[in-house]
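The listed protein sequences correspond, in order, to chains A and B. The opening position of the first sequence corresponds to residue 1 in our numbering, with each subsequent residue numbered one higher. The opening position of the second sequence corresponds to residue 1001 in our numbering, with each subsequent residue numbered one higher. The C-beta atom is built at its ideal place from N, Cα and C for all residues, glycine as well.
Number of protein chains: 2
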Amino acid sequence: MGRTAQIDRSAILRTALDVADEHGLAAVTMNAVAKRLEVTAMALYRHVTDKADLLDGMVEALLTGIPTPEPGLAWNDRLTAMAGGIRAVATAHPGAFPLLLTRPAATSAALEIRESAYRALREAGLGQDAVERAERLLSTAILGFVASEAAGRFRNHGQATIDEDFAELLRWLQRVLPDPPTG
Amino acid sequence: MGRTAQIDRSAILRTALDVADEHGLAAVTMNAVAKRLEVTAMALYRHVTDKADLLDGMVEALLTGIPTPEPGLAWNDRLTAMAGGIRAVATAHPGAFPLLLTRPAATSAALEIRESAYRALREAGLGQDAVERAERLLSTAILGFVASEAAGRFRNHGQATIDEDFAELLRWLQRVLPDPPTG
DNA sequence: ACCTGAACACCGTTCAAGT
DNA sequence: ACCTGAACACCGTTCAAGT
């Protein structure tokens, strides 16, 4: 009895993200991930329950990469910072990012991000129902754009054009919210 | 020589959409589609070049289901009608719909839809660059919402709430465009 | 012309066995 | 405790063979 572990869950998740980013989500197989870790596919089952659990773990790892905004900022700047953080994660993990749109996350990382957005929108003066609705619409608009970018739907356009598109989207979204604090 | 065909490409695509909607995209295998058609998987290769071609064909079939808006309508009503048409296709094909976000389509059906949007936005008075940017942002916002809905990201909310969310999104998007014609 | 059987390399997953 | 080998049912795909 007793044998020092060669791999752990977080190493598996990091490796799976690498595989997705280099060769696409379809290339994320138990075999491919295991091979990178110099282990057989069966060894993974000690650390993830099955492939669905692997993919859910990748989602959680992506969400953990979105930084919590500086609490000192005004609410509208906090929302903008979160949008930028989401886009930065998509840029760092373009292959894995589409998982966020297909695997609804109810994990703690997802809840924390949503709560940050709720706090900002409450400070904007919205009532509770409006806060929740605005969060759903803002998050889908931003996820939709960023996932489209990651999936290459804009690949015919230059980076400068895409950057300006994103800035324009943020301006659009600001315009449907109450006037921000002047500071 | 000569043997009457049992299947054709459009039957394969329809069957693949059915499988996706009933059991999810992951269930769309050559074997599963073939079995529904009472044929072996190898028979499909006479009508689709490979599985990627099958998935691209599904995208094209989904796009063909989006109706061209009535030319008599004002430009803002045409855009609203297109958004509704996209959502209707997602409702009819929730399992297959996420393909639209991951497989950028440059086929004729995709181009026709984009051209419809361009025409409406030009009538709104936007210059060519603004037209193209607005089309990218409108389409990603709408696709993002509708794909999220199809993927079940809102499944904790009632249908009435989701319907109202969609209406609110369309109002947001109207607000960033020039004032529509009064009629 | 259209479909099938056999074959290949590859999936996810299980379970008993090795250390 | 952790990993592997062998096994199973299932992938996508090719190619020669049947009608």
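Residue i (DSSP reduced to helix, strand or coil)
i, result
"L143(A)", "helix"
"H1023(B)", "helix"
"V1176(B)", "coil"
"G1057(B)", "helix"
"T1040(B)", "coil"
"D165(A)", "helix"
"R1126(B)", "The residue you asked about is not Arg; residue 1126(B) is Leu in the sequence shown. DSSP places L1126(B) in coil when its eight states are reduced to three."
"V48(A)", "coil"
"D8(A)", "coil"
"R155(A)", "coil"
"R3(A)", "coil"
"A150(A)", "helix"
"A1134(B)", "helix"
"T1186(B)", "With chain B represented from 1001 up to 1183, any question about residue 1186(B) goes unanswered, as that position is not in the structure."
"A105(A)", "coil"
"T1015(B)", "helix"
"A1160(B)", "helix"
Run of the alpha helix (DSSP H) containing residue i, from where it starts to where it stops
i, result
"Y118(A)", "S108 to E123"
"T1029(B)", "Taken as a continuous stretch (DSSP letters only), T1029(B) belongs to no alpha helix (DSSP H), as it is neither H nor E."
"M1082(B)", "W1075 to A1092"
"T102(A)", "L99 to T102"
Buried versus exposed, by CB contacts within 10 Å (16 or more), residue i
i, result
"E1149(B)", "buried"
"H1023(B)", "exposed"
"G1125(B)", "exposed"
"N31(A)", "exposed"
"R1078(B)", "buried"
"G127(A)", "exposed"
"M58(A)", "buried"
"R1133(B)", "buried"
"T1080(B)", "buried"
"G1072(B)", "exposed"
"G95(A)", "buried"
Cβ-heavy atom distance, residue i to the ligand FMN, below 6 Å
i, result
"E135(A)", "Among the ligands in the structure shown, none appear at all, so the ligand FMN cannot be discussed."
(Q) Three or more C-beta pairs under 8 Å: does that hold for the region 1046 to 1063 of chain B against the region 1009 to 1024 of chain B? (A) yes
Q) Any contact of the region 1085 to 1097 of chain B with the region 1056 to 1065 of chain B, i.e. 3+ C-beta pairs under 8 Å? A) yes
Q. On the three-pair Cβ rule with 8 Å, is the region 174 to 183 of chain A touching the region 1167 to 1177 of chain B?
A. yes
(Q) Would you call the region 1074 to 1084 of chain B in contact with the region 1102 to 1112 of chain B, where contact means no fewer than 3 C-beta pairs closer than 8 Å? (A) no
Q.
Within 8 Å, do at least three Cβ pairs link the region 129 to 144 of chain A to the region 1136 to 1156 of chain B?
A. yes
Q) For the 8 Å Cβ check, are there 3 or more pairs between the region 149 to 163 of chain A and the region 1091 to 1105 of chain B? A) yes
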